[in-house]
Amino acid sequence: MKISIKIYRKILKKIENKGLHKYKFFRMFNRWIINIIQDDSTEIGNFQVYLGGKQARQYSVIDVEKEYNPLEMKIIKENVTSGDNVIDVGANIGIFTLSFSKSVSTYGKVFSFEPEPKNFEVLKKNISINNIENVILENLAVSNQKGVTKLFISENHGAHSIFNQTTHKTTGKTIDIKTIRLDDYFEKKSIGKISFVKIDVEGVEYEVLKGMNDILEKNESIKLLIEFIPEQLLDFGTEPRRLLEFLKEKKFSIYFFDYNDSHLKKLNDIKQMIRENGIGVNIFCKRE
Numbered sequence: 037m038k039i040s041i042k043i044y045r046k047i048l049k050k051i052e053n054k055g056l057h058k059y060k061f062f063r064m065f066n067r068w069i070i071n072i073i074q075d076d077s078t079e080i081g082n083f084q085v086y087l088g089g090k091q092a093r094q095y096s097v098i099d100v101e102k103e104y105n106p107l108e109m110k111i112i113k114e115n116v117t118s119g120d121n122v123i124d125v126g127a128n129i130g131i132f133t134l135s136f137s138k139s140v141s142t143y144g145k146v147f148s149f150e151p152e153p154k155n156f157e158v159l160k161k162n163i164s165i166n167n168i169e170n171v172i173l174e175n176l177a178v179s180n181q182k183g184v185t186k187l188f189i190s191e192n193h194g195a196h197s198i199f200n201q202t203t204h205k206t207t208g209k210t211i212d213i214k215t216i217r218l219d220d221y222f223e224k225k226s227i228g229k230i231s232f233v234k235i236d237v238e239g240v241e242y243e244v245l246k247g248m249n250d251i252l253e254k255n256e257s258i259k260l261l262i263e264f265i266p267e268q269l270l271d272f273g274t275e276p277r278r279l280l281e282f283l284k285e286k287k288f289s290i291y292f293f294d295y296n297d298s299h300l301k302k303l304n305d306i307k308q309m310i311r312e313n314g315i316g317v318n319i320f321c322k323r324e
């Protein structure tokens, strides 16, 4: 089995700069291969990572590449340092949380939010098996209101959402989950400045941003890493350009990831950016 993974990793290495991961057929093929050859756990970035069983093995090419979202991880390494306080919204099984934990060291803190119970159990396990003590885990959804809402359970364990989206097939099941606003949550905590926030919440990113308005105002040097998928935003009732305009109003420069050339591009034309990245892209935001 490990020989198969090694061979497949070499194949991926040869085609990684072709931008094939942007196409649905390639991602589906990749998940199919992963489901066949991958074990339930792997080593990623010097961390032992439990993937959560058969369903989770379809989650990403991390399983075989031993590297998850290399451009995003590069941004984290360059912008998160010892002593920082970091928020991971939509932590899933904890790949980013683990990386944040390493970067902030024992002097910083990572606040990791994941609402789906099964994902949260895997997240807890990954923190535990790596003997991590600088992460605070919260089994909560983050939005722009405090209360209780429905979480629609997806067949893809990385795509559960608080609305019935069209971009991923759901199981038809829902569960009740608690929601919070980041401003409310951190108002009661004395942690100093917040340096970095990652947001990946399947189309509810704008609601998360509105619910952390005070944090954005009080932390001038804060940096953001946000998943931006226009179709998911529209499903939730958010105009994609409104999210970008909100960030501009908050004086952020916005960079989007060009996976073909493996670098960041500064956002100048919102319409063009949305048109060219309709399938979705991650964005990095900082004040300059």
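Every letter in the sequence shown is one number past the one before it in the numbering used here, and letter 257, counting from 1, is 293.
The beta carbon of each residue, even a glycine, is placed where N, CA and C say it ideally should be.
No experiment lies behind these values; they were computed from the predicted model shown.
- For the pair S118 and G144, the CB atoms are nearer than the 8 Å cut-off.
- Measuring C-alpha to C-alpha distances from V233 to each of P106, F156 and D124 identifies D124 as the nearest.
- The DSSP-derived three-state label of V171 is strand.
- In this structure, E263 sits away from I290, with a CB-CB distance that is not shorter than 8 Å.
- A distance below 6 Å between beta-carbons, with the five flanking residues on each side excluded, links I265 to the following residues of its chain, in chain order: G316.
- Approximately 6 Å separates the beta-carbon atoms of N162 and V85; this is inside 8 Å, confirming the contact.
- Comparing alpha carbon positions, the residue from T274, D294 and S137 closest to G239 is T274.
- For Q268, the enclosing alpha helix (DSSP H) has its first and last residue at P266 to F272.
- Here F136 is not near E174, since their CB atoms are 8 Å or more apart.
- When the Cα atoms are used, K259 and N296 turn out to be separated by approximately 24 Å.
- Under the DSSP assignment, T117 falls outside any beta strand (DSSP E); it carries neither an H nor an E label.
- Bridge pairing for D124: S148 and K234 [DSSP].
- With fewer than 16 neighbouring CB atoms inside 10 Å of its own CB, G314 falls in the exposed class.
- Secondary structure at K209: strand, using DSSP grouped into helix, strand and coil.
- Contact between F320 and I111 holds, since their C-beta atoms are separated by about 6 Å, short of 8 Å.
- Between D305 and the set R277, E243 and E157, the nearest pair of CA atoms involves R277.
- Beta-bridge analysis with DSSP links T215 to A177 and G183.
- When the five nearest sequence neighbours on each side are left out, the beta carbons in the same chain lying within less than 6 Å of the beta carbon of Y242 are those of T274 and L279, in order along the chain.
- One alpha carbon belongs to R323, the other to I43, and they sit about 43 Å apart.
- In the DSSP assignment, T133 is bridged to no other residue.
- In this structure, the CA atom of L134 is about 25 Å from the CA atom of L187.
- From the listed residues E281, N318 and K286, the smallest Cα separation to K307 is found for E281.
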